[in-house]
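Heads up, the numbering used here is the position in the sequence shown plus 106, with the first residue counted as 1.
C-beta atoms are modelled at their ideal positions from N, C-alpha and C, and glycine is treated no differently.
What you are looking at is a predicted structure, and each value in this text was computed from that prediction instead of being measured.
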Amino acid sequence: MNGRKDIAENATVIQKQRVIKDYAVGIYARVSTSHKAQMDSLSAQVSGLTRLAAAHRTWFVADVFIDVASAKTGSTRSEFNRMINECEHGNLDIILTKSLSRFGRDAKEGLEAIRKIRAAGKRIIFEKDKIDTETVKDELLISIIEACDQAENDWRSENIRIGLKYRAEVGTSGLYNRVCYGYKKDKNGMLIIDEEEAKVVRYIYDWYLEGYSIGGIIDKLAEKKIKTSKGKERWSKRAIESTLIREKYTGDVAIADSGGSDNRYLNKNHHEGIISKEQFEAVQLEMELRSNVEIGEDGKVRRKNRKYSSKKGKQI
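What follows is the structure in structure tokens.
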């Protein structure tokens with residue numbers, strides 16, 4: 107009896123220790139192109155999410171999933187699918203990603219993935235949106251995803267517009283190098299004169315200033331058996347008119363503002379001209395004189411009492 111008492115007096119009660127679970131974290135990031143700016147963005151995404159995981163004592167980064175789309179292969183989303191598979195097999199506890207709008211290619215894909223991961227008992231944290239799927243219901247998620255989807259599309263459209271405007275302003279827009287009849291591109295993608303076609307452009311300008319009408323020029327081209335760029339035997343009235351008003355033939359290029367305003371961006375002496383600026387201006391003046399409409403003092407548009415003969419190139 108005394109022995110038991112001695113043991114009781116000497117015994118120390120050891121409290122059951124609380125087991126602290128470590129959570130395996132998977133980081134998911136994706137970009138839509140492999141351009142340098144996008145790859146820099148990808149690096150920033152992963153670094154930021156890694157720091158977020160490190161801020162939690164019981165979290166550790168178990169895997170990183172990265173999808174990079176390319177112009178050739180598009181986006182197979184292989185890492186996205188592998189991430190879902192890892193969650194379903196119990197290898198991950200938490201997914202960290204930048205935003206809802208970057209999680210799926212659209213609202214439907216994003217929501218399906220979220221449901222699969224939640225069904226596996228795992229959680230997703232969207233760092234930018236401050237959303238944790240552990241505390242958000244499906245109905246609210248649908249609304250949030252659709253809203254983020256629309257915001258992302260609007261943001262992307264605005265960025266494209268701003269980018270186009272900037273390149274137009276600084277003269278680096280690819281639109282300045284769009285090929286038209288009379289030009290071709292060199293190995294660097296810059297406009298150079300196509301001598302055979304340029305000869306035809308000069309014919310058209312010369313004939314017009316000599317007094318030929320649009321119809322008369324079409325007939326002259328047919329007589330010389332000069333075909334259109336598409337191989338047609340006879341040129342259209344519209345093709346001749348567009349040739350006569352195309353400023354690009356002077357070496358200058360004007361492109362419209364992508365924002366929908368009436369502004370134009372003019373890049374002077376962008377490439378070698380086929381005709382002189384003086385000849386171009388002379389043609390514009392002649393076209394105005396030949397026009398069968400005029401604006402009266404009251405600002406109204408009226409037809410002239412005379413018209414230009416399509417045969418002789420004379421006003422009658």
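Through-space distance from residue j to residue i, alpha-carbon basis
i, j, result
"Asn375", "Lys354", "9 angstroms"
"Asn373", "Ser382", "16 angstroms"
"Phe386", "Ser397", "17 angstroms"
"Leu206", "Leu148", "15 angstroms"
"Lys351", "Ile323", "Just to set this straight, residue 351 is Ile in the shown sequence, not Lys. Each residue's Cα considered, the two are about 15 angstroms apart."
"Tyr62", "Lys293", "There is simply no residue 62 to check, as the chain begins at 107 and stops at 422 in what is shown."
"Ala150", "Ile172", "12 angstroms"
"Val152", "Val242", "24 angstroms"
"Arg308", "Gly295", "24 angstroms"
"Lys236", "Val167", "19 angstroms"
"Ser138", "Ser184", "14 angstroms"
"Val306", "Glu392", "19 angstroms"
"Glu384", "Lys330", "27 angstroms"
"Ile200", "Lys290", "55 angstroms"
"Glu194", "Ile223", "7 angstroms"
"Ala226", "Arg284", "53 angstroms"
"Lys417", "Leu327", "Here Lys417 scores only 47 on pLDDT, less than 50, and its place in the model should not be relied on; the value that follows carries that caveat. So the alpha carbons of these two residues sit roughly 14 angstroms apart."
"Glu218", "Thr156", "25 angstroms"
"Val170", "Lys214", "23 angstroms"
"Met189", "Ala304", "58 angstroms"
"Gln144", "Lys204", "14 angstroms"
"Gly196", "Glu233", "22 angstroms"
"Ile332", "Lys338", "9 angstroms"
"Ile220", "Asp146", "27 angstroms"
"Arg211", "Lys228", "21 angstroms"
"Asp238", "Arg163", "18 angstroms"
"Gly154", "Ala360", "43 angstroms"
Extent of the continuous beta strand (DSSP E) to which residue i belongs
i, result
"Trp165", "165 to 174"
"Lys291", "289 to 291"
Collapsed DSSP secondary structure at residue i in the structure displayed
i, result
"Ala304", "helix"
"Thr203", "strand"
"Glu353", "helix"
"Ala226", "coil"
"Val131", "strand"
"Ile237", "strand"
"Ile298", "strand"
"Ala274", "At Ala274, the pLDDT of 46 sits below 50, so the modelled position is not reliable; the number obtained from the coordinates is stated separately. Residue state, collapsed to three classes: helix."
"Lys242", "The residue you asked about is not Lys; residue 242 is Val in the sequence shown. In the structure shown, Val242 sits in coil (DSSP, three-state: anything other than H, G, I, E or B)."
"Ala177", "Low confidence applies to Ala177: its pLDDT is 45, below 50, so where it sits in the model is not reliable enough to give any reading."
"Ser279", "Only weak support is given to the placement of Ser279: the predicted model assigns it a pLDDT of 49, under 50, and the value that follows is read from those uncertain coordinates. Of the three classes helix, strand and coil, the one that applies to Ser279 here is coil, per DSSP."
"Ile231", "strand"
"Arg340", "coil"
"Arg221", "helix"
"Arg208", "helix"
"Gly317", "coil"
Identity of the residue in the options nearest residue i by Cα
i, options, result
"Thr187", "His377, Gly216, Lys290", "Strictly speaking, residue 187 in this sequence is Asn, with Thr absent from that position. Checked all of His377, Gly216, Lys290; the closest Cα to Asn187 is Gly216."
"Gly342", "Thr356, Asp358, Ser319", "Reading off the sequence shown, one finds Ser at residue 342, where the question assumed Gly. Looking at the Cα atoms, Ser319 is the closest of the given residues."
"Ser348", "Tyr309, Tyr287, Lys336, Ala388", "Tyr287"
"Ala388", "Ser335, Gly317, Val359, Ala345", "Gly317"
"Lys94", "Ala345, Glu394, Asp199", "Since the first residue shown for the chain is 107 and the last is 422, residue 94 is missing from the structure and cannot be characterised."
"Leu297", "Thr356, Ile133, Lys228", "Thr356"
"Ala160", "Ala219, Ile310, Leu202", "Leu202"
"His141", "Gln390, Gly210, Ala175, Glu301", "Ala175"
"Ala135", "Ile230, Asp358, Glu194", "Ile230"
"Glu302", "Thr334, Thr164, Gly321", "Thr334"
"Ile299", "Ala213, Ile380, Ile133", "Ile380"
"His377", "Glu394, Gln390, Asp358", "Asp358"
"Trp165", "Asn197, Gly196, Val131", "Val131"
"Leu198", "Asp128, Arg340, Glu394", "Asp128"
"Gln390", "Leu158, Tyr311, Lys338", "Tyr311"
"Glu192", "Ala360, Ile133, Phe209", "Ile133"
Extent of the continuous alpha helix (DSSP H) run through residue i
i, result
"Ser147", "142 to 160"
"Cys286", "Run containing Cys286: none; DSSP gives neither H nor E here."
"Arg188", "184 to 194"
"Lys333", "Looking at the DSSP string, Lys333 is not in any alpha helix (DSSP H), and its letter there is neither H nor E."
"Phe386", "383 to 396"
"Ile324", "320 to 329"
CB contact check: residue i to chain D, cutoff 8 angstroms
i, result
"His377", "Among the chains of the structure shown, chain D does not appear; only one protein chain is present."
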